[in-house]
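Q: Just remember that the working numbering sits 11 ahead of the position in the sequence shown, which is counted from 1. Positions of the beta carbon are idealized from the N, C-alpha and C atoms, including for glycine.
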Amino acid sequence: MGSRADNKDGSCREVLTGRHAGKWRVQHVHEDEFCRKSRLSRLFPTKTEAKDFLRSLQRGERIERARKDKDLTLGAWFDWLVENDWPESIASATLGSRISRFNKHVRKEWGDVSLLRLDALAIKAFYRGLQESGVGAASVLEIKRDLVRVFNLAVKPYHRVPWSCGNPFTLYVPTPPRRDAVALEPRQAVAAIRSNSLTAKERALLATFLLAGLRLGELMALTRGQLQFDQGLILVDRAVRLDRVGGQGVGLPKGSKKRLAVMSPTLKKILCGVASDLRPDELIWPAKDKDKPRLKRNVYRSWKIILEKTGLPSDMSPHDCRLSHVNWIEKLLPEVSPTTLKEHIGHASGRSVTEINYTRPLSDSQEILRRGLENIVGFN
């Protein structure tokens, strides 16, 4: 009976024994686009009904209807990845950005389209339409990258579309010009920090970026309790993180790695002026209307004001301060070991096996870094 059902015509036979004796059994094997076989077996009270059902299977009517009903749409596949794949492999902020881009630009036009019916010509027009509607070149490129990833995962490893299907999203879109990072010299940093036009809070924010090399999220979440003035250290054990829907919360720093960043005497003096009277759990730069970290857009608003007051390049970003900080240590402080630098800025996860297993932070090495930074940017 198995061999008859396995051919493309299927089989229709009367059941002669058992509790189904006298009925008619239809068996049919369907092979899908992945060469996977599925066996269908149904019982009917009469031969006529059984034959009619088998003929409909042979004509492919029910198979085609079932296949269409089970067609996986781009939106459904994206949502499945959001729930079952990406949370295990990417940061919540990255996931939130992907969801936001898809919902804003893609879902309405492509969410209900089957993965097997994506038209490259229409996708080309879609990319062009995004550009013409004012979506930035960088955003269009990120949207393309998201869609390429989504379709590639449908091919491998999940096999939701045939291997023979080319990815229709891998079409050319213009690459945005790269922004040149701003690397300050120590004298420029000193002049900016000394600017008389800055408020105490603005000076502390700029100095912390330049003299401690903190990331933006780490600075936003900084509390008085993390400032270890007696040891001249900053405990970096928290940072502002974004969730899936773009909401803001506080979690561990990047890579879930805590560290101790060195605080130079100049930075210590500046931070003492704004934080010495705060409670341990109080934020250095809280939101004005609540005891929470400022929203990212508000930090950037303050940053723009600082750039205007100090005359620093208008296109300089907070991360450029971290770049400048690392550049000073690498180029001007040869006595600071690479291990100490990595521990200070939070790149210790990129260490070699020897560094990971046989090195630990040393107070002497931190003091060398502290003195070096003070010599470069100190006010004395």
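Have a look at Leu253, Gly357, Gly29, Asp90 and flag the residue whose alpha-carbon is nearest the alpha-carbon of Arg333.
A: To locate residue 333, count along the sequence shown from 1; it is residue 322. It is Gly357.
Q: In whole angstroms, what separates the C-alpha of Thr365 from that of Val337?
A: Position 354 of the sequence shown, counted from the first residue, corresponds to residue 365. Position 326 of the sequence shown, counted from the first residue, corresponds to residue 337. Because the pLDDT of Thr365 is 41, which lies under 50, any placement of that residue in the model is unreliable, and the number read from its coordinates should be weighed accordingly. Roughly 22 Å separates the two Cα atoms.
Q: Under the criterion of a Cβ to heavy atom distance below 7 Å, does Met327 qualify as lining the ligand SAM?
A: For the ligand SAM, the structure offers nothing, since it holds no ligand at all.
Q: Buried or exposed: where does Leu27 fall if 16 or more other Cβ atoms within 10 Å of its Cβ makes it buried?
A: Sequence index remark: in the sequence shown, residue 27 carries index 16 (1-based). Classification of Leu27: exposed, given that the 10 Å Cβ count is below 16.
Q: In this structure, does DSSP put Phe220 in helix, strand or coil?
A: Here residue 220 refers to the residue found at position 209 of the sequence shown. Looking at Phe220 - three-state DSSP - the assignment turns out to be helix.
Q: Based on the DSSP output, what are the partners of Gln38 in its beta bridges?
A: Position 27 of the sequence shown, counting from 1, holds the residue named residue 38. Answer by DSSP bridge pairing, in chain order: Ser22, Ser52.
Q: Could you have a look at Leu227 and say whether DSSP puts it in helix, strand or coil?
A: Here the question's residue 227 lines up with position 216 in the sequence shown. Three-state DSSP puts Leu227 in a helix.
Q: Whole angstroms is fine: what's the gap from Ser125's alpha carbon to Val172's?
A: Taking the first residue of the sequence shown as position 1, residue 125 is located at position 114. Taking the first residue of the sequence shown as position 1, residue 172 is located at position 161. Cα to Cα, the separation comes out at about 10 Å.
Q: Are there 16 or more other CB atoms within 10 angstroms of the CB of Pro392, so buried, or fewer, so exposed?
A: There is no way to answer for residue 392, as the model of the chain reaches only from 12 to 391.
Q: On the three-state DSSP scale, how would you describe Ala148?
A: For the purposes of this step, residue 148 is taken as residue 137 along the sequence shown, with counting starting at 1. Correct three-state label for Ala148: helix.
Q: Going along the chain, which residues of its own chain have a beta-carbon closer than 7 Å to the beta-carbon of Trp314, five neighbours each way excluded?
A: On the sequence shown, position 303 is the one that residue 314 refers to. Cβ within range, chain order: Pro329.
Q: Of all the CB atoms in chain E, is at least one closer than 8 Å to the CB of Phe55?
A: Of the protein chains in the structure, only one exists, and it is not chain E.
Q: In chain order, what residues of the same chain have a beta carbon less than 8 Å from the beta carbon of Ser348, not counting five sequence neighbours either side?
A: On the sequence shown, residue 348 is found 337 positions in, with the first residue counted as 1. Correct list, in chain order: Ser376.
Q: Would you list the residues sitting across from Pro297 in a DSSP beta bridge?
A: Mapped onto the sequence shown, residue 297 falls at position 286. Pro304.
Q: Taking a contact to mean a Cβ-Cβ separation below 8 Å, would you say Val40 touches Lys34 in this structure?
A: In the sequence shown, the residue the question calls residue 40 occupies position 29. In the sequence shown, the residue the question calls residue 34 occupies position 23. No, these two residues do not count as a Cβ contact at 8 Å.
Q: Could you tell me the distance, in whole angstroms, from the CA atom of Leu217 to the CA atom of Ala223?
A: The count along the sequence shown starts at 1 and reaches residue 217 at position 206. The count along the sequence shown starts at 1 and reaches residue 223 at position 212. Cα-Cα distance, rounded: 10 Å.
Q: Give the range of the alpha helix (DSSP H) segment to which Gly86 is assigned.
A: Position 75 of the sequence shown holds residue 86. Unbroken alpha helix (DSSP H) run through Gly86: 85–95.
Q: Should the region 48–61 be regarded as contacting the region 91–100, the criterion being three or more beta carbon pairs within less than 8 Å?
A: No, the region 48–61 is not in contact with the region 91–100.
Q: Taking 8 Å as the threshold, find out whether the region 299–318 comes into contact with the region 225–232 through three or more Cβ pairs.
A: Contact between the region 299–318 and the region 225–232 is present, because at least three Cβ pairs lie under 8 Å.
Q: In angstroms, rounded to a whole number, what distance separates the CA positions of Ile367 and Leu106?
A: Against the sequence shown, residue 367 aligns to sequence position 356. Against the sequence shown, residue 106 aligns to sequence position 95. For Ile367, the pLDDT reaches just 43, beneath the cut-off of 50, and the residue's location in the model is therefore unreliable, although a value from the coordinates is still provided. Cα-Cα distance, rounded: 30 Å.
Q: Between the Cα of Lys268 and the Cα atoms of Val247, Tyr183, Thr277, which residue gives the shortest distance?
A: The residue labelled residue 268 in the question sits at position 257 within the sequence shown. Nearest of Val247, Tyr183, Thr277 to Lys268, Cα basis: Val247.
Q: Looking at the structure shown, is Ala250 part of a helix, part of a strand, or coil, going by DSSP?
A: Translated into the one-based positions of the sequence shown, residue 250 becomes position 239. Residue state, collapsed to three classes: strand.
Q: Could you tell me whether the region 139–154 touches the region 175–194, where touching means 3 or more Cβ pairs closer than 8 Å?
A: Segments in contact, yes.
Q: Terminal residues of the continuous alpha helix (DSSP H) containing Ala131?
A: On the sequence shown, residue 131 is found 120 positions in, with the first residue counted as 1. Here the alpha helix (DSSP H) through Ala131 covers 131–143.
Q: What first and last residue would you give for the alpha helix (DSSP H) that runs through Leu278?
A: For the purposes of this step, residue 278 is identified with residue 267 of the sequence shown, where counting begins at 1. Taken as a continuous stretch (DSSP letters only), the alpha helix (DSSP H) holding Leu278 covers 276–286.
Q: Does the distance from the C-beta atom of Ser335 to that of Leu195 stay below 8 Å?
A: Here residue 335 is taken as the residue at index 324 of the sequence shown, counted from 1. Here residue 195 is taken as the residue at index 184 of the sequence shown, counted from 1. Against a cut-off of 8 Å, the Cβ pair of Leu195 and Ser335 comes out as a contact.
Q: Which class does Val261 belong to by DSSP, given the choice of helix, strand or coil?
A: The count along the sequence shown starts at 1 and reaches residue 261 at position 250. Reduced to three states, the DSSP call for Val261 is strand.
Q: Taking DSSP as the reference, what is the three-state secondary structure of Ala215?
A: For the purposes of this step, residue 215 is identified with residue 204 of the sequence shown, where counting begins at 1. In this structure, Ala215 counts as helix in the three-state DSSP scheme.
Q: Apply the 10 Å Cβ neighbour rule to His31 and answer buried if 16 or more other Cβ atoms are within range, or exposed otherwise.
A: Here residue 31 is taken as the residue at index 20 of the sequence shown, counted from 1. Per the 10 Å Cβ criterion, exposed.
Q: Can you check which of these residues, Ser150, Pro304, Arg235, is closest to Ser6 by C-alpha distance?
A: The chain is shown from 12 up to 391; residue 6 falls before or after that span and cannot be answered.
Q: Residues in the same chain with beta-carbon distance under 7 Å from Asp123, minus the five sequence neighbours each way, listed in chain order, please.
A: As a position in the sequence shown, residue 123 is number 112, starting the count at 1. Hits under 7 Å: Thr84, Gly86.
Q: Considering only residues of the same chain and omitting the five flanking positions on each side of Ser206, which have a CB-CB separation below 7 Å?
A: As a working mapping, residue 206 is identified with position 195 in the sequence shown. For Ser206, where only same-chain residues beyond five positions count, the Cβ hits under 7 Å are Lys320, Thr321.
Q: Kindly list the residues whose CB is nearer than 8 Å to the CB of Asp302, restricted to its own chain and excluding five residues on each side of it in sequence; keep chain order.
A: Walking along the sequence shown from the start, residue 302 turns up at place 291. Within the same chain, Asp302 has close Cβ partners Glu293, Leu294.
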